[in-house]
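So the structure is just underneath, and the comments pick up after that.
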Amino acid sequence: MVTAGDIRKGTTFVLDSQVYTVIEFLHVKPGKGAAFVRTKLKNVINGNVVEKTFNPNEKFEDANIETRDMQYLYKEDNLYTFMDNETYEQVAVDESTVGDSVLYMEEDMNVTVRFFNGSAFAVQVPNFVVFEITETEPGVRGDTASSGGTKPAKIKTGATVLVPLFVNQGDKIRIDTRTGEYMERA
Numbered sequence: 008m009v010t011a012g013d014i015r016k017g018t019t020f021v022l023d024s025q026v027y028t029v030i031e032f033l034h035v036k037p038g039k040g041a042a043f044v045r046t047k048l049k050n051v052i053n054g055n056v057v058e059k060t061f062n063p064n065e066k067f068e069d070a071n072i073e074t075r076d077m078q079y080l081y082k083e084d085n086l087y088t089f090m091d092n093e094t095y096e097q098v099a100v101d102e103s104t105v106g107d108s109v110l111y112m113e114e115d116m117n118v119t120v121r122f123f124n125g126s127a128f129a130v131q132v133p134n135f136v137v138f139e140i141t142e143t144e145p146g147v148r149g150d151t152a153s154s155g156g157t158k159p160a161k162i163k164t165g166a167t168v169l170v171p172l173f174v175n176q177g178d179k180i181r182i183d184t185r186t187g188e189y190m191e192r193a
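Under this note's numbering, residue 193 is the last one in the sequence shown; the count climbs by one each step, no gaps.
Okay, structure coming up:
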C-alpha cells in the first residue's frame with residue numbers, strides 16, 4: 008500500500024481502478040487547516056493527465072508495472088509482434104498501444120514494453136536512433152531565409168524529419184525519438 012504522504016515523482020498506484028503515475032507533487036501544510044498533497048497524475052494506460060488533491064493519510068494499492076526488453080519482429084495487419092529477449096516468448100501488441108513509437112521502429116530493433124496485469128500498455132523505442140535518409144531534396148544554397156535552414160527528409164520507416172540543408176539522401180542521421188528532431192549526422 009502507498010499512502011498519499013509517501014507519494015514522490017514516478018510513484019505508480021491504482022486509483023478508482025485506473026493506474027496512475029505521479030508527474031508532479033507538492034506537500035502543502037497551510038497555517039490553518041489540515042495538510043494535504045496536491046498532485047498531477049498521468050494515466051499510464053490512456054495517457055490522460057489529471058490533477059488530484061489527497062489527504063496525506065489516504066492509502067492506495069501499489070501498481071506493479073512490469074518492464075521488459077523485447078525485440079520488434081514484424082507487423083501483421085494491425086498487430087505488432089515482439090519477442091522477449093530472455094524467454095523468447097512472443098507477444099502481439101495492437102497498433103494503438105504502439106502509438107508514435109512506430110515512426111522510429113524497424114524490424115529487429117530492441118524496445119521496452121511495459122505491462123500491467125499481463126497486458127501491454129506501452130511500447131518505448133530508445134531515446135536516440137540512427138536511420139539512413141531514403142528521400143530528400145538537395146539543399147539549395149541561399150535558401151535559408153525562407154525555410155530556416157532546414158528541409159524535410161524521409162527515413163526508412165516513412166517518418167519525416169526536418170534536417171539541415173547539408174544533409175543528403177543516403178546520409179545516416181541520429182534522431183531524438185522523444186521530440187522527433189534531428190540531432191546530428193551519424
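By construction, the Cβ of each residue, glycine as well, lies at the ideal position given by its N, Cα and C atoms.
Leaving out five residues on either side along the sequence, give the residues of the same chain with a beta carbon under 8 Å from the beta carbon of residue i.
i	result
N55	K49
R185	N134
E188	V168, L169, I182
G106	A129, V130
T60	F43, V44, R45, T46
D115	Q78, Y79, L80
M190	F135, I180, R181, I182, D183
Taking the beta strand (DSSP E) that residue i falls in, what are its first and last residues?
i	result
V136	135-143
Y87	86-91
F20	19-22
K47	43-50
T60	56-61
L172	Counting along the chain, L172 falls outside any beta strand (DSSP E), and DSSP gives it neither H nor E.
A160	157-162
V118	117-123
V109	Note, V109: premise wrong, no beta strand (DSSP E); not H, not E.
A129	126-131
Just confirm the distance between the C-beta atoms of residue i and residue j, as a whole number of angstroms; I'd bet it's less than 8 Å.
i	j	result
F123	V26	6 Å
M112	Y79	5 Å
T94	A127	No, T94 and A127 are not in contact; Cβ-Cβ is about 15 Å, not under 8 Å.
Grab the span of the alpha helix (DSSP H) containing residue i for me, first residue to last.
i	result
V105	102-105
Which same chain residues, not among the five before or five after residue i, have their C-beta less than 6 Å away from its C-beta?
i	result
V174	none
L33	R45
Q176	I140, T143
E96	none
V132	S108, Y111, M112, V118, T184
From the DSSP output, read off the bridge partner residues of residue i.
i	result
Q97	M90
Y81	T88
E31	K47
E68	V21
Y189	I182
R15	Answer is none; R15 lacks a bridge partner.
Using C-beta distances below 7 Å, list every residue in its chain close to residue i, excluding the 5 sequence neighbours before and after it, in chain order.
i	result
A193	V137, K179, I180, R181
K47	I30, E31, V56, E58
G40	none
Subject >> contact_flag[the stretch 65-73, the stretch 15-22] where n(CB pairs < 8 Å) is 3 or more >> reply: Judged by Cβ distances under 8 Å, the stretch 65-73 makes contact with the stretch 15-22, as three or more pairs qualify.
Original post:
Counting Cβ pairs closer than 8 Å, one from the stretch 126-141 and one from the stretch 159-179, do we hit at least three?
Top reply: By the Cβ test, the stretch 126-141 is in contact with the stretch 159-179, since at least three Cβ pairs between them sit closer than 8 Å.
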